[in-house]
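A.B. asks: Got a structure for you, questions after.
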Amino acid sequence: MAGQKAQEQIEEFIHSRVIGRGLDERTVKAYRMDLEHFYLWMDPKADEQRYPERMEAYLKYLSEVKGLRSSTVNRKQRVFRYYLSYLISQGVVTDNVDDNVADNMADGKIPNQWQCGYLCEPLKMVIQPEKSAANSYLSKKEIDRFFQAIDQEYSQLDSDFRKRVCLRDQVMMKLLFYHGIEVSELLRLEVSDYDRKTGILTVRRKREKKYSAYVFSKELRDQMLQWLGEHECFEREISYHNRMFLSKYGKPLSMKMVINIFEKYRVMAGIEKECTPKDLKNGFGRYAEEVVRERC
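Start counting the sequence shown at 63; every next residue gets the next number (my numbering).
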């Protein structure tokens with residue numbers, strides 16, 4: 063177990079940046095375990111300002127001594143970078159870093175004094191695609207406009223059936239945004255996966271793995287109930303009756319259909335940059351940070 067001070071920092075980070083983003087229990091456990099193992103490995107007397115280089119040394123140890131797979135090392139590396147950005151925002155780690163360092167780290171940039179091997183290089187394999195996707199980052203204003211476009215269309219529709227379709231789209235896009243669900247996971251959802259009393263959604267991953275997510279938005283829970291109440295209007299074929307999201311023909315939606323739905327509202331919202339449902343899926347953390355900055 064990490065020291066008391068370190069444990070308090072971990073828990074504050076977990077509640078602020080992990081649970082606060084609505085991530086599932088398994089992710090919370092993984093973040094906590096990665097950070098606790100780092101503190102156990104590190105000299106408890108190490109200066110907090112040396113965390114970046116100690117993290118680099120730890121990643122090197124995991125890769126070269128323990129022989130962990132690069133994918134595992136990269137995952138831990140992302141946790142450490144996110145944790146560092148939190149420590150900087152709290153003033154725990156300063157190291158003469160400018161005020162924009164937390165934003166830079168979140169965007170995949172590393173301060174010059176931290177240009178080290180294992181904290182920097184493996185990340186290039188993970189973050190590099192974001193260079194082309196840097197312009198696809200959705201700001202808080204753009205996300206607000208995106209959902210306002212859906213809400214506006216819903217309020218203006220005079221056809222009950224089209225309203226049901228729009229409601230379905232609202233629920234899907236909000237599940238992507240609030241809970242970071244993969245599109246493939248979204249398409250695998252079944253009606254029975256949602257507990258209407260508790261608001262718990264069971265999400266299926268590949269290889270029959272599952273995790274539970276609490277739908278924390280009351281508005282989304284209300285819309286989920288409304289959508290499930292309308293679901294029978296889309297049920298055409300018995301074999302698909304339990305599938306959560308169906309097309310107007312009663313068949314499961316495809317990945318392309320979800321992309322087209324996202325693209326429709328992107329255009330309606332006047333968002334000119336190239337982006338995909340994945341950018342919406344990854345947008346909640348940044349959105350929450352922008353809300354905090356606006357309130358400060």
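Quick reminder that beta carbons are idealized off the backbone N, C-alpha and C, glycines included. Note that the structure is predicted; figures quoted are calculated from it, not measured.
If you follow the beta strand (DSSP E) that L263 is in, where does it begin and where does it stop?
C.D. replies: From DSSP, the beta strand (DSSP E) with L263 extends over 262–266.
A.B. asks: Name the residue from Y302, F239, I212, K318 whose alpha carbon lies nearest to the alpha carbon of F346.
C.D. replies: Nearest option by C-alpha distance: F239.
A.B. asks: Can at least three beta-carbon pairs, one atom from the region 326–341 and one from the region 264–275, be found at a separation below 8 Å?
C.D. replies: Taking 8 Å as the limit for Cβ pairs, the verdict is that the region 264–275 does not touch the region 326–341.
A.B. asks: Quick check for students: name the residue ranges of the beta strand (DSSP E) that lie wholly in the region 272–326, counting only runs of 3 or more.
C.D. replies: Taking only runs of at least 3 residues, the beta strand (DSSP E) segments lying wholly in the region 272–326 are 272–276.
A.B. asks: Who are the near neighbours of F142 in its chain, counting only those whose CB is closer than 6 Å to its CB and skipping five residues on each side?
C.D. replies: Closer than 6 Å at Cβ, skipping near neighbours: M117.
A.B. asks: Along the alpha helix (DSSP H) that carries C337, what are the first and last residues, could you check?
C.D. replies: Counting along the chain, C337 falls outside any alpha helix (DSSP H), and DSSP gives it neither H nor E.
A.B. asks: Can you give me the Cβ contacts of N344 inside the same chain, cut-off strictly under 8 Å, excluding the 5 residues immediately before and after it?
C.D. replies: Within the same chain, N344 has close Cβ partners G242.
A.B. asks: Consult DSSP for K186 and reduce its assignment to one of helix, strand or coil.
C.D. replies: Residue placement at K186 is flagged as unreliable, the pLDDT there being 37, under the threshold of 50; a coordinate-derived value is accordingly withheld.
A.B. asks: Determine the burial state of I234: buried for a count of at least 16 other Cβ atoms within 10 Å of its Cβ, exposed for fewer.
C.D. replies: The residue asked about is misnamed: residue 234 is Met in this sequence, not Ile. So M234 ends up on the buried side.
A.B. asks: Grab the span of the alpha helix (DSSP H) containing A350 for me, first residue to last.
C.D. replies: Note, A350: alpha helix (DSSP H), 346–357.
A.B. asks: Mind checking who E252 pairs with in its DSSP beta bridge?
C.D. replies: DSSP lists R305 as partners of E252.
A.B. asks: Measuring CB to CB, does Q443 end up less than 8 Å from V154?
C.D. replies: Residue 443 falls outside the range modelled here, since the chain spans only 63 to 358, and no answer is possible.
A.B. asks: To the nearest angstrom, report how far apart L282 and E325 are at their CA atoms.
C.D. replies: Rounded to whole angstroms, L282 to E325 spans 21 Å at the Cα level.
A.B. asks: Would you kindly work out how many angstroms separate the C-alpha atoms of D161 and S221, rounded to a whole number?
C.D. replies: Its pLDDT being 39, under 50, D161 is placed unreliably in this model, and the coordinates cannot settle the point.
A.B. asks: From the DSSP output, in three-state form, read off S217 for me.
C.D. replies: Of the three classes helix, strand and coil, the one that applies to S217 here is helix, per DSSP.
A.B. asks: Would you tell me roughly how many angstroms separate the C-alpha atoms of T338 and I150, rounded to the nearest one?
C.D. replies: Looking at the two C-alpha atoms, the distance is approximately 30 Å.
A.B. asks: Measuring only the C-alpha atoms, how far is R298 from V227?
C.D. replies: Whole-angstrom Cα-Cα distance: 15 Å.
A.B. asks: CA-CA distance, D86 and F100?
C.D. replies: Distance between the alpha carbons of D86 and F100: 22 Å.
A.B. asks: Quick one: measure Cβ to Cβ for I212 and Y93, integer angstroms, because I've assumed they're closer than 8 Å.
C.D. replies: In fact, because the Cβ distance is near 31 Å, the residues do not count as touching under 8 Å.
A.B. asks: Going by beta carbon distance, what residues of the same chain come within less than 8 Å of K313, once the five residues before and after it are set aside?
C.D. replies: Here the set comprises R298, E299, Y302.
A.B. asks: What is the DSSP secondary structure of R230, reduced to helix, strand or coil?
C.D. replies: Correct three-state label for R230: helix.
A.B. asks: Could you check where the alpha helix (DSSP H) with R143 kicks off and where it finishes?
C.D. replies: Its alpha helix (DSSP H) spans residues 132–151.
A.B. asks: I need the boundaries of the alpha helix (DSSP H) containing R269, first residue and last residue.
C.D. replies: Looking at the DSSP string, R269 is not in any alpha helix (DSSP H), and its letter there is neither H nor E.
A.B. asks: Considering just the uninterrupted stretch of the alpha helix (DSSP H) at E118, what are its terminal residues?
C.D. replies: Per DSSP, E118 belongs to the alpha helix (DSSP H) from 113–122.
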